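Number of protein chains: 2
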Amino acid sequence: MKAEDKKSKRKEDVKKTILNAAKKLFVEEGYQSASIRKIAAEIGVSPTTIYLYYKDKSDIAYALHQEGFLVLKTLFSSLVSVEDPFERLKAIGRTYIRFALESPDFYELMFIMKDPMDHLDADSGEECWEEGKQVFEFLVFTIEECQQKGYFVGSDVSSTALQAWATVHGLCSLFISTHLQKVGEECLSQEDTELLLETAFKTYVHFLEQTKNNHK
Amino acid sequence: MKAEDKKSKRKEDVKKTILNAAKKLFVEEGYQSASIRKIAAEIGVSPTTIYLYYKDKSDIAYALHQEGFLVLKTLFSSLVSVEDPFERLKAIGRTYIRFALESPDFYELMFIMKDPMDHLDADSGEECWEEGKQVFEFLVFTIEECQQKGYFVGSDVSSTALQAWATVHGLCSLFISTHLQKVGEECLSQEDTELLLETAFKTYVHFLEQTKNNHK
DNA sequence: ATCAAAAAATTAACACTGTTAATATTTTTA
DNA sequence: TAAAAATATTAACAGTGTTAATTTTTTGAT
């Protein structure tokens with residue numbers, strides 16, 4: 009038993025070594041360029057060794073995706089102390105956007121790419137998107153509390169949460185895909201696209217504020 | 009002169025033949041799988057011939073991206089007849105979403121992938137994203153008219169337009185990347201993710217309606 | 001300590017990918 | 001008809017993910 013534990017622990021260590029090498033190459037040159045062969049060379053093993061620990065490349069992508077969610081969840085966890093739910097909702101949005109701008113590669117892996125998602129329905133282990141579920145439920149919970157304070161009255165909580173997520177994700181995703189930059193340069197004569205993004209977010213928050221039931 | 013015209017016209021014909029083959033393979037098996045070699049085989053030429061007409065694969069991607077915008081612009085053009093600007097705004101959103109759901113591959117090429125966008129700053133010809141600019145300006149124009157009718161008072165038009173775009177794009181993008189499906193199954197116990205998307209859109213529209221200045 | 005069994009890692013290979021240089025073919029022009 | 005220009009091809013480079021077969025290493029029992 010003890011021996012088996014040690015064995016599986018060593019196996020986990022190797023998995024982590026591979027993942028760290030993968031992460032290094034991933035943040036340096038992007039997902040596509042972080043090839044199995046490069047990862048193997050980084051830690052001094054043959055390419056096929058990788059397959060002894062990870063099913064395929066999307067398996068590694070999913071593991072990195074999970075690491076990204078660990079970071080995002082940590083960032084969010086410090087927001088539970090924000091008592092006012094609407095302030096918390098705004099903070100969630102700002103934190104989400106900051107994360108996307110600071111770690112665009114990770115954001116892409118977590119919320120844009122299909123590859124890590126394919127791993128979910130294909131693989132045996134986990135059947136649901138646990139990471140996403142947790143983050144989304146924090147948003148739902150916050151919106152529920154907002155509703156109790158008079159915001160979003162008469163609106164479905166799930167739909168409101170989904171819509172709020174879509175708005176910030178849309179902004180981040182357009183930023184990362186450089187579509188925002190292209191429109192910013194030409195149509196809005198505004199080079200600072202981060203500012204553009206932030207202003208759009210503030211406009212959205214302003215709209216949300218107007219849903220507040222004030223006649224009471 | 010006439011001869012040169014004919015020559016360049018023939019060249020355009022070949023370009024179109026290549027593009028049609030590329031489009032066929034693209035809609036059938038996706039962008040990644042639509043390889044240069046397959047495109048060449050489809051029209052019975054050698055792979056290198058493709059490079060005599062298109063600089064690289066992202067050049068083809070951009071051409072398809074442009075074709076997609078031609079369709080989207082046609083869809084939008086029939087909305088200019090909608091006189092009420094807020095009704096038109098809603099119609100723009102619905103049309104955009106329908107397009108994304110009906111042609112997810114094209115949507116990905118037009119609004120998600122970086123590849124066709126890279127073509128813009130790299131290549132010589134066009135320096136700006138003309139397609140995107142036109143569609144965005146239609147949105148800006150409509151929102152300006154909405155503002156004159158009392159909507160979005162005190163909000164920046166550009167920011168409002170960007171935010172509206174981001175919201176529908178976010179929904180479409182989460183749908184296409186299957187993230188919406190994964191959250192829908194687990195958190196919202198709702199399999200019909202198209203309905204989920206539509207409901208979120210309606211919730212957003214409801215929020216927009218609440219920005220209307222009624223005390224007059 | 002030795003030797004067989006199990007585990008781990010490796011080499012070689014398959015079937016692809018985008019892309020380019022050098023070469024051959026076809027078409028056009030004089 | 002011959003030279004020039006345009007067009008297309010073959011061969012090759014440098015990669016990619018992935019698998020089967022083989023070798024090396026480690027482990028556990030005698």
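In order, the protein sequences belong to chains A and B. Residue 224 is where the first sequence ends in our numbering, and the numbering goes up by one at each step. Residue 224 is where the second sequence ends in our numbering, and the numbering goes up by one at each step. All residues carry an ideal CB built from backbone N, CA and C; glycine is no exception. The structure displayed is predicted, hence computed values, not measured ones.
Counting only beta-carbon separations shorter than 7 Å, does C154(B) have a partner in chain A? Reading the second sequence from its first residue, position 146 is the one you call residue 154(B). Using a Cβ-Cβ cut-off of 7 Å, C154(B) does not count as an interface residue toward chain A, since no Cβ of chain A sits closer than that to its own.
Compare the beta carbon distance of L204(A) and G192(A) with 7 Å and say whether it is the shorter of the two. In the first sequence, the residue the question calls residue 204(A) occupies position 196. In the first sequence, the residue the question calls residue 192(A) occupies position 184. With respect to the 7 Å criterion, L204(A) and G192(A) are classified as neighbours on the basis of their beta carbons.
Confirm, please, whether the CB-CB distance from H177(B) to G38(A) is below 7 Å. In the first sequence, residue 38(A) corresponds to position 30, counting from 1. In the second sequence, residue 177(B) corresponds to position 169, counting from 1. A distance of 7 Å or more separates the beta carbons of G38(A) and H177(B).
In chain A, which residues lie with their C-beta within 7 Å of the C-beta of S166(B)? Mapped onto the second sequence, residue 166(B) falls at position 158. In chain order, L196 make up the part of chain A whose C-beta sits under 7 Å from the C-beta of S166(B).
Proximity of A48(A) and I58(A) at Cβ, strictly below 7 Å: Position 40 of the first sequence, counting from 1, holds the residue named residue 48(A). Position 50 of the first sequence, counting from 1, holds the residue named residue 58(A). A contact, by the Cβ cut-off of 7 Å.
Going by CA-CA distance only, name the one from S85(B), S111(B), R18(B), S41(B) that's closest to F144(B). Looking up residue 144(B) in the second sequence gives position 136. From the listed residues S85(B), S111(B), R18(B), S41(B), the smallest Cα separation to F144(B) is found for S85(B).
Going by the CB atoms, is the gap between T211(A) and T150(B) shorter than 7 Å? In the second sequence, the residue the question calls residue 150(B) occupies position 142. In the first sequence, the residue the question calls residue 211(A) occupies position 203. Taking C-beta atoms as the reference points, T150(B) and T211(A) fail to come closer than 7 Å.
In chain A, what lies closer than 7 Å to Q3(B) by C-beta? Because chain B in this structure spans residues 9 to 224, residue 3(B) falls outside the shown range and cannot be described.
Could you name the residues of chain A that K122(B) contacts, counting a contact when the two beta carbons are closer than 7 Å? Within the second sequence, numbered from 1, the residue matching residue 122(B) stands at position 114. Residues of chain A whose Cβ lies closer than 7 Å to the Cβ of K122(B) are, in chain order, S185, T186.
Only counting the same chain, and skipping five residues up and downstream in sequence, which positions put a Cβ closer than 6 Å to that of M121(B)? Taking the second sequence and counting its residues from 1, one reaches residue 121(B) at position 113. Contacts found: none.
What residues of chain A sit near G140(B), judged by a beta carbon separation below 9 Å? Start at 1 with the first residue of the second sequence, and residue 140(B) comes out as number 132. When 9 Å is used as the limit between beta carbons, G140(B) is near these residues of chain A: H187, K190, V191, E194, C195, in chain order.
Distance cutoff 7 Å, beta carbons only. Does S249(B) sit that close to anything in chain A? Limits of chain B in this structure are 9 at one end and 224 at the other, which puts residue 249(B) out of reach.
In whole angstroms, give me the CA-to-CA distance for Q189(A) and M125(B). Working through the first sequence from its first residue, we reach residue 189(A) at position 181. Working through the second sequence from its first residue, we reach residue 125(B) at position 117. Between the alpha carbons of Q189(A) and M125(B) lies a gap of roughly 10 Å.
Identity of the residue in Q155(B), Y62(B), S43(B) nearest V22(B) by Cα: Position 14 of the second sequence holds residue 22(B). The shortest Cα separation from V22(B) among Q155(B), Y62(B), S43(B) belongs to Y62(B).
Cα separation between Q155(B) and C136(A)? Numbered from 1 along the second sequence, position 147 holds the residue referred to as residue 155(B). Numbered from 1 along the first sequence, position 128 holds the residue referred to as residue 136(A). So the alpha carbons of these two residues sit roughly 43 Å apart.
Whose Cβ in chain B lies nearer than 9 Å to the Cβ of H127(A)? Your numbering for residue 127(A) matches position 119 in the first sequence. One finds nothing in chain B with a Cβ atom closer than 9 Å to the Cβ of H127(A); even the nearest lies about 11 Å away.
Quick one, which residues of the segment 207-222 of chain A are near chain B if we go by CB-CB under 8 Å, in chain order? From the segment 207-222 of chain A, only T207, A208, F209, K210, T211, Y212, H214, F215, L216, Q218, T219 have a Cβ closer than 8 Å to chain B.
By alpha-carbon positions, which one of Y159(B), K17(B), A208(B) ends up nearest to N221(B)? Walking along the second sequence from the start, residue 221(B) turns up at place 213. Of the candidates Y159(B), K17(B), A208(B), Y159(B) places its Cα closest to the Cα of N221(B).
Determine, for T103(A), whether the minimum Cβ-Cβ distance to residues of chain B falls below 7 Å. Mapped onto the first sequence, residue 103(A) falls at position 95. It does not; no Cβ of chain B falls within 7 Å.
Distance check for V79(B) and E138(B), CA to CA, integer angstroms please. Counting from one through the second sequence, the residue named residue 138(B) turns up at place 130. Counting from one through the second sequence, the residue named residue 79(B) turns up at place 71. Straight-line Cα distance between these residues: approximately 15 Å.
Measuring only the C-alpha atoms, how far is L117(B) from K17(A)? Sequence index remark: in the second sequence, residue 117(B) carries index 109 (1-based). Sequence index remark: in the first sequence, residue 17(A) carries index 9 (1-based). One alpha carbon belongs to L117(B), the other to K17(A), and they sit about 43 Å apart.
Span separating the alpha-carbon of S166(B) from that of T56(A): Sequence index remark: in the second sequence, residue 166(B) carries index 158 (1-based). Sequence index remark: in the first sequence, residue 56(A) carries index 48 (1-based). So the two alpha carbons sit approximately 52 Å from each other.
Do T25(B) and I44(B) count as a contact pair if the criterion is CB distance below 7 Å? Reading the second sequence from its first residue, position 36 is the one you call residue 44(B). Reading the second sequence from its first residue, position 17 is the one you call residue 25(B). No. Outside cutoff.
Starting from the C-beta of L239(A), find all residues in its chain whose C-beta is less than 7 Å away, skip the five residues before and the five after it, and write them out in chain order. The structure shown has nothing for residue 239(A), since chain A only spans 9 to 224.
Could you give the residue range of the alpha helix (DSSP H) that holds C154(A)? Taking the first residue of the first sequence as 1, we reach residue 154(A) at position 146. That run of the alpha helix (DSSP H) goes 138-156.
Thinking P112(B) and I184(B) are a contact (beta carbons under 8 Å), I'd like their distance in whole angstroms, please. As a first step, residue 112(B) is located in the second sequence; it is residue number 104 there, counting from the start. As a first step, residue 184(B) is located in the second sequence; it is residue number 176 there, counting from the start. Distance from P112(B) to I184(B) at the Cβ level is roughly 5 Å; contact confirmed, criterion being Cβ atoms closer than 8 Å.
Output yes if chain B places a C-beta closer than 7 Å to the C-beta of S163(A); else output no. In the first sequence, the residue the question calls residue 163(A) occupies position 155. Residue contact with chain B for S163(A): present (Cβ-Cβ distance below 7 Å to some residue of chain B).
Cβ of G178(A) less than 7 Å from any chain B Cβ? The residue given as residue 178(A) occupies position 170 in the first sequence. Closer than 7 Å: yes.
For L147(B), collect the residues of the same chain with a Cβ closer than 7 Å to its Cβ; drop the 5 residues on either side in sequence, then sort them by chain order. Position 139 of the second sequence holds residue 147(B). Correct list, in chain order: I100, A169, A172, W173.
Could you have a look at I51(A) and say whether DSSP puts it in helix, strand or coil? Along the first sequence, read from residue 1 onward, the residue named residue 51(A) stands at position 43. In the three-state reduction of the DSSP assignment, I51(A) falls in the coil class.
Contact set between T175(B) and chain A, taken where Cβ atoms lie within less than 7 Å: Counted from its first residue, the second sequence places residue 175(B) at position 167. Within chain A, Q171, A174, T175, G178 have C-beta atoms less than 7 Å from the C-beta of T175(B), given in sequence order.
Under 7 Å by beta carbon: chain B residues contacting E145(A): Along the first sequence, read from residue 1 onward, the residue named residue 145(A) stands at position 137. Near E145(A) (Cβ distances below 7 Å), the residues of chain B are C195.
Spatial distance of I105(A) from K19(B) (CA atoms): Here the question's residue 105(A) lines up with position 97 in the first sequence. Here the question's residue 19(B) lines up with position 11 in the second sequence. Cα-Cα distance, rounded: 46 Å.
Range covered by the alpha helix (DSSP H) that runs through S166(B): Taking the second sequence and counting its residues from 1, one reaches residue 166(B) at position 158. For S166(B), the enclosing alpha helix (DSSP H) begins and ends at 165-184.
With a threshold of 16 other CB atoms inside 10 Å of the CB of S197(A), please say whether the residue is buried or exposed. Taking the first sequence and counting its residues from 1, the one referred to as residue 197(A) is at position 189. Taking all protein chains in view, the Cβ of S197(A) is surrounded by fewer than 16 other Cβ atoms within 10 Å, so the residue is classified as exposed.
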